[in-house]
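Colleague: Remember, my numbering sits 10 above the position in the sequence shown when you count from 1. Even for Gly, the Cβ is constructed at its ideal location relative to N, Cα and C. All of these numbers come straight from a predicted model, not from anything done at the bench.
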Amino acid sequence: MNTNDIIKKHDGAVMNTYARNPAAPISGGGASVTDADGNRLIDFGAGVGVNSLGFANGAWAEAVSEQAKKLQHTCNLYYNKPAADFAARLTGVTGYDKLFFANSGAEANECAIKLARKFSFDKFGKGRATIITLTGSFHGRTLCTLSATGQQSMHDWFFPFVEGFKHVPPNDPGALREAITPDVCAIMFEPIIGEGGVLELTRDYIDAIFELAGENGLLTIADEVQTGAGRTGKFLCMEHFGRHADITTMAKGIGGGLPIGICLAKGEAGETLTPGTHGTTFGGNPVVCAGASVVLDTILAPGFLGEVARKGNRIKSELQKMPKVKDISGKGLMIGVTLAETTDKISAGEAVSRALARGLMCLTAKDKLRFLPPLTVSEDEIAAGIEILREILG
């Protein structure tokens, strides 16, 4: 089957919920794939940050395969060793006390929201369940996490939404302070707002979040679904700020390509959810955890995170030389590009289409170009990707 055959079969059976690009990768290695027509594509998107070790990483694939041959699933009424091993190591690395296994970033955030509300109920009683989030944020597509998401364009059609959320503009401590009323229990934020435009929160604003939370007895929730697992050159993005949220959520890259979501909590928050208050069928799946352990091993290897930061700086340095690039945001291998207002200006969407036609897969974030290459992207793949971008943005 060629690409057109696959597109026709797919569109005849699958709901049209994505504006898909006309490409059908078949196999890959590193940060490169071969599509159904035999074309080689370099991936600067990593499946929206999921393929942290690239395609078909040998150690990851072997661990997943070997575990699948032993035990592919147990329910959470029993224990499984891969989940226990991974959980113990991840909590140790991150400094958290407990975690909950889910299957996606939305589910991890749903857990964080439930945890924060129950924590507040247990400690303060009823009437204190509102969570403050940021305008432009993205926390998921379930009804609850969509309600938490601070993007009005996503709030059509699905009424009524879940109550108990306030949205305030990012990097505005005054607006945050005003929003803290007696009904608020937590502040939830992405250290770098990803889908909303790769917008970095400032150090002063992060400090304000924690200071105001401390003054008012609120929990802090860091959504690191996109920024975590080494994406910004630190294992968790919050390490750049020297801050440790009460709750942190992870997903995407920590699984290396299989579905995973994680809600980490410390202290009393880690003891809040008890039997019957939350659950999942597939969370802590042994095959997924076997693969995630390899991701963890790789990211924590000496020098690896330094290389992520260096590669990100190399890409930024090359982008800054391109005439159609106005501004660059992000950290490590999470990069946003604002396009300049030139006479021959193109939109981010047009740039993605032109890049794909030349053999480079990349993303958008609102009106920006967005790059999330595999953390293992090679120097040659970076050079080839930059050359394609130079043709489009030069």
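Assuming phenylalanine 54 and leucine 370 are in contact, meaning their beta carbons sit under 8 Å apart, how far apart are those beta carbons, in whole angstroms?
Modeller: 6 Å
Colleague: When the Cα of isoleucine 345 is compared with those of Arg30, Pro192, Ala56, which residue comes out closest?
Modeller: Closest option to isoleucine 345, Cα to Cα, is Ala56.
Colleague: Give the DSSP bridge partners of isoleucine 142, in chain order.
Modeller: Lys176, Ile197
Colleague: Which same chain residues end up closer than 6 Å to aspartate 377 when comparing Cβ atoms and leaving out the 5 residues on each side of it in sequence?
Modeller: Ala358
Colleague: Under 8 Å by Cβ, that's how I've got lysine 128 and threonine 287 pegged, so tell me the actual separation to the nearest angstrom.
Modeller: Their Cβ separation, rounded to whole angstroms, is 6 Å, which keeps lysine 128 and threonine 287 in contact under 8 Å.
Colleague: List the residues that DSSP assigns as beta-bridge partners of isoleucine 257.
Modeller: Ile231, Ala275
Colleague: May I ask you to list the residues that DSSP assigns as paired with valine 347?
Modeller: Ile338, Leu379.
Colleague: Distance check for threonine 230 and isoleucine 197, CA to CA, integer angstroms please.
Modeller: 5 Å
Colleague: Compare the beta carbon distance of phenylalanine 148 and glutamine 161 with 8 Å and say whether it is the shorter of the two.
Modeller: In this structure, glutamine 161 lies closer than 8 Å to phenylalanine 148 by Cβ.
Colleague: With a CB to CB cut of under 6 Å and the five nearest residues on each side skipped, what residues in its chain are close to asparagine 61?
Modeller: Gly267, Pro384
Colleague: Please report the straight-line C-alpha distance between glycine 38 and alanine 71, rounded to a whole angstrom.
Modeller: 12 Å
Colleague: Buried or exposed for asparagine 12, going by 16 or more other Cβ atoms inside 10 Å?
Modeller: exposed
Colleague: Write down the C-beta distance between alanine 112 and cysteine 273 rounded to the nearest angstrom, noting that I regard them as a contact closer than 8 Å.
Modeller: At roughly 7 Å, the Cβ-Cβ gap stays under 8 Å, so alanine 112 and cysteine 273 are in contact.
Colleague: Exposed or buried, phenylalanine 245, counting other C-beta atoms within 10 Å across all chains shown (16 or more means buried)?
Modeller: buried
Colleague: Buried or exposed: which applies to aspartate 45, given that a residue is buried once 16 or more other Cβ atoms fall within 10 Å of its Cβ?
Modeller: buried
Colleague: Tell me the rounded alpha-carbon separation between glutamate 281 and leucine 100.
Modeller: 17 Å
Colleague: Count the other C-beta atoms from every protein chain shown that fall within 10 angstroms of the C-beta of cysteine 85, then say buried if there are 16 or more, exposed otherwise.
Modeller: exposed
Colleague: I need the DSSP call for aspartate 307, collapsed to helix, strand or coil.
Modeller: helix
Colleague: Opposite proline 35 in the DSSP bridges: which residues?
Modeller: Asp45
Colleague: Tell me the residue span of the beta strand (DSSP E) that contains aspartate 53.
Modeller: 50-53
Colleague: Grouping DSSP H, G and I as helix and E and B as strand, with all else coil, what is alanine 367?
Modeller: helix
Colleague: Does the Cβ-Cβ distance between glycine 40 and glutamate 391 come in under 8 Å?
Modeller: Going by C-beta atoms, glycine 40 is nearer than 8 Å to glutamate 391.
Colleague: Quick check on this structure: which residue in Cys195, Tyr28, Ile52 has the alpha carbon closest to the alpha carbon of isoleucine 398?
Modeller: Ile52
Colleague: Going along the chain, which residues of its own chain have a beta-carbon closer than 7 Å to the beta-carbon of phenylalanine 65, five neighbours each way excluded?
Modeller: Gly38, Gly39, Gly40, Val43
Colleague: In this structure, how does DSSP classify leucine 399 when only helix, strand and coil are distinguished?
Modeller: The DSSP-derived three-state label of leucine 399 is helix.
Colleague: Mind checking which residues open and close the alpha helix (DSSP H) that includes phenylalanine 96?
Modeller: First-last of the alpha helix (DSSP H) with phenylalanine 96: 91-104.
Colleague: Let me know if leucine 310 comes out buried or exposed under the rule of 16 or more other beta-carbons within 10 Å of its beta-carbon.
Modeller: Exposed is the call here.
Colleague: Does DSSP put lysine 18 in a helix, in a strand, or in coil?
Modeller: helix
Colleague: Tell me whether the segment 316-327 and the segment 152-160 touch, counting them as touching only if at least three CB pairs, one residue from each stretch, are closer than 8 Å.
Modeller: Too few Cβ pairs lie closer than 8 Å, so no.
Colleague: Judging by CA-CA distance, which residue of Arg400, Ala118, Ala69 is the nearest neighbour of threonine 258?
Modeller: Ala118
Colleague: Going by alpha carbons, who is nearest to phenylalanine 1 out of Leu186, Asn181, Asp182?
Modeller: The displayed coordinates of the chain run from 11 to 404. Any statement about residue 1 would go beyond what the structure contains.
Colleague: With H, G and I counted as helix, E and B as strand and the rest as coil, what does DSSP make of glutamate 205?
Modeller: coil
Colleague: Ends of the beta strand (DSSP E) at phenylalanine 110?
Modeller: Looking at the DSSP string, the run of the beta strand (DSSP E) that includes phenylalanine 110 is 108-112.
Colleague: Indicate the three-state DSSP secondary structure (helix, strand or coil) for phenylalanine 10 in the structure shown.
Modeller: It is not possible to answer for residue 10, since the shown part of the chain is limited to 11 through 404.
Colleague: Return no unless some Cβ of chain D is closer than 8 Å to the Cβ of isoleucine 219.
Modeller: Absent from the structure is chain D; it holds one protein chain and no more.
Colleague: For phenylalanine 381, count neighbouring Cβ atoms within 10 angstroms of its own Cβ and tell me buried if that reaches 16, exposed if not.
Modeller: buried
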